[in-house]
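Please read the structure below before turning to the comments.
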Amino acid sequence: MTLSFSIVADVACGVGESPVYDEATRQLYFVDIPGCLVHAVDLPTGQRRSWTFESAVGSLGLAASGRLVVALRDRVILFDPRSGERQQLCTIEADRPETRLNDGRVGPDGAFWVGTMDDRPQKAPIASLYRVDPSGRVERKVEGLIVSNGLAWTADGMTMFHTDSRGPWIDRWRFDPATGAMSDRHRIATLDDAT
């Protein structure tokens, strides 16, 4: 099989991450973490829009309402790209200036899963992975991380993958898509520091 790639939009980012496609509006959203930006590209027309936020934007997800769930430095907000309205959902580790929110994604359980990272040059295992339900209730799910990253689920929602990119390792969990419960953790890869 041969894959071919094309550029959707030429957008210069400090660190571009967290692509999310909204099938209903045919918008591709992504963040520029240090630029404090959320970008959108209308795929049929190529038209681009950007919104600036007051702190680093670690990641985003698509809520059932069509709004975006946006992870800022120490809080998660709901953002409506149509109106520009921003509504705080919760704070996470707001009392810890050495950490910030990093990679996140809406899971098959409908919750926003987001991890923190040690934001200092000399990193330590002080970060965590959190589950934020649609009401804004926060639950810490994993502790002792350095840089929580790389969340993914299988198509049936029964298996979750999660990495600590400075650990560096990848874990697989059994996952309940109805409740968000995690069990049966297995380390499936230990990587070298260059990975």
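When we follow my numbering, the leftmost residue of the sequence shown carries the number 0, and every step to the right adds one. Note that beta-carbon positions come from the ideal geometry of N, C-alpha and C, so glycine has one too.
Got a sec, what are the start and stop residues for the beta strand (DSSP E) S147 sits in?
Along the sequence shown, read from residue 1 onward, the residue named residue 147 stands at position 148. Note, S147: beta strand (DSSP E), 147-152.
Check whether the Cβ atoms of G149 and T162 lie closer than 8 Å to each other.
For the purposes of this step, residue 149 is taken as the residue at position 150 of the sequence shown. For the purposes of this step, residue 162 is taken as the residue at position 163 of the sequence shown. For G149 and T162, yes; Cβs fall inside 8 Å.
Quick check: what's the CA-CA separation for R95 versus L2?
For the purposes of this step, residue 95 is taken as residue 96 along the sequence shown, with counting starting at 1. For the purposes of this step, residue 2 is taken as residue 3 along the sequence shown, with counting starting at 1. Whole-angstrom Cα-Cα distance: 44 Å.
Chain-order list of residues whose beta-carbon lies under 7 Å from that of A188 (same chain, five-residue window excluded)
Position 189 of the sequence shown, counted from the first residue, corresponds to residue 188. Excluding positions up to five away in sequence, the list reads W168, I169.
Taking 8 Å as the cut-off, decide whether the C-beta atoms of D9 and R25 are in contact.
Looking up residue 9 in the sequence shown gives position 10. Looking up residue 25 in the sequence shown gives position 26. Going by C-beta atoms, D9 is not nearer than 8 Å to R25.
Per-residue burial, P84 [other beta carbons within 10 Å of its own, 16 or more giving buried]:
Locating residue 84 in the sequence shown gives position 85, where the first residue counts as 1. Correcting the residue type first, residue 84 is Glu in the shown sequence and not Pro. Classification of E84: exposed, given that the 10 Å Cβ count is below 16.
Rank A23, D21, G114, S49 by C-alpha distance to the C-alpha of D31 and give the top, closest one.
Taking the sequence shown and counting its residues from 1, the one referred to as residue 31 is at position 32. Residue S49 is the option with its Cα nearest to D31.
Please list the terminal residues of the continuous beta strand (DSSP E) segment that includes S17.
In the sequence shown, residue 17 corresponds to position 18, counting from 1. It spans 15-21 - the beta strand (DSSP E) in which S17 sits, taken as one unbroken run.
In three-state terms, what does DSSP make of Q46?
Locating residue 46 in the sequence shown gives position 47, where the first residue counts as 1. Note: Q46 maps to coil in three-state DSSP.
Who are the near neighbours of R165 in its chain, counting only those whose CB is closer than 6 Å to its CB and skipping five residues on each side?
For the purposes of this step, residue 165 is identified with residue 166 of the sequence shown, where counting begins at 1. The residues are K122, I145, V146.
Grouping DSSP H, G and I as helix and E and B as strand, with all else coil, what is L67?
Here residue 67 is taken as the residue at index 68 of the sequence shown, counted from 1. Of the three classes helix, strand and coil, the one that applies to L67 here is strand, per DSSP.
Reducing DSSP to helix, strand and coil, say where K122 ends up.
Position 123 of the sequence shown, counted from the first residue, corresponds to residue 122. The answer is coil: DSSP assigns K122 none of H, G, I, E or B.
Within-8 Å CB hit, D102 to chain C
Included in the structure is just one protein chain, with no chain C present.
Run through DSSP, which three-state label would S3 get?
Numbered from 1 along the sequence shown, position 4 holds the residue referred to as residue 3. In the structure shown, S3 sits in coil (DSSP, three-state: anything other than H, G, I, E or B).
Roughly how many angstroms separate the alpha carbons of A62 and V7, rounded to a whole number?
For the purposes of this step, residue 62 is identified with residue 63 of the sequence shown, where counting begins at 1. For the purposes of this step, residue 7 is identified with residue 8 of the sequence shown, where counting begins at 1. When rounded, the distance between both Cα atoms is 23 Å.
Might you give, ordered along the chain, the residues of its own chain that have their beta carbon closer than 6 Å to the beta carbon of S182, omitting 5 neighbours on each side?
For the purposes of this step, residue 182 is taken as the residue at position 183 of the sequence shown. Excluding residues within five positions, the ones whose Cβ falls inside 6 Å are R173.
When DSSP builds the beta bridges, which residues end up paired with L76?
The sequence position of residue 76 within the sequence shown is 77, counting from 1. Reading the sequence as shown, one finds Ile at residue 76 and not Leu. DSSP output for I76 lists V69, Q87 as bridge partner(s).
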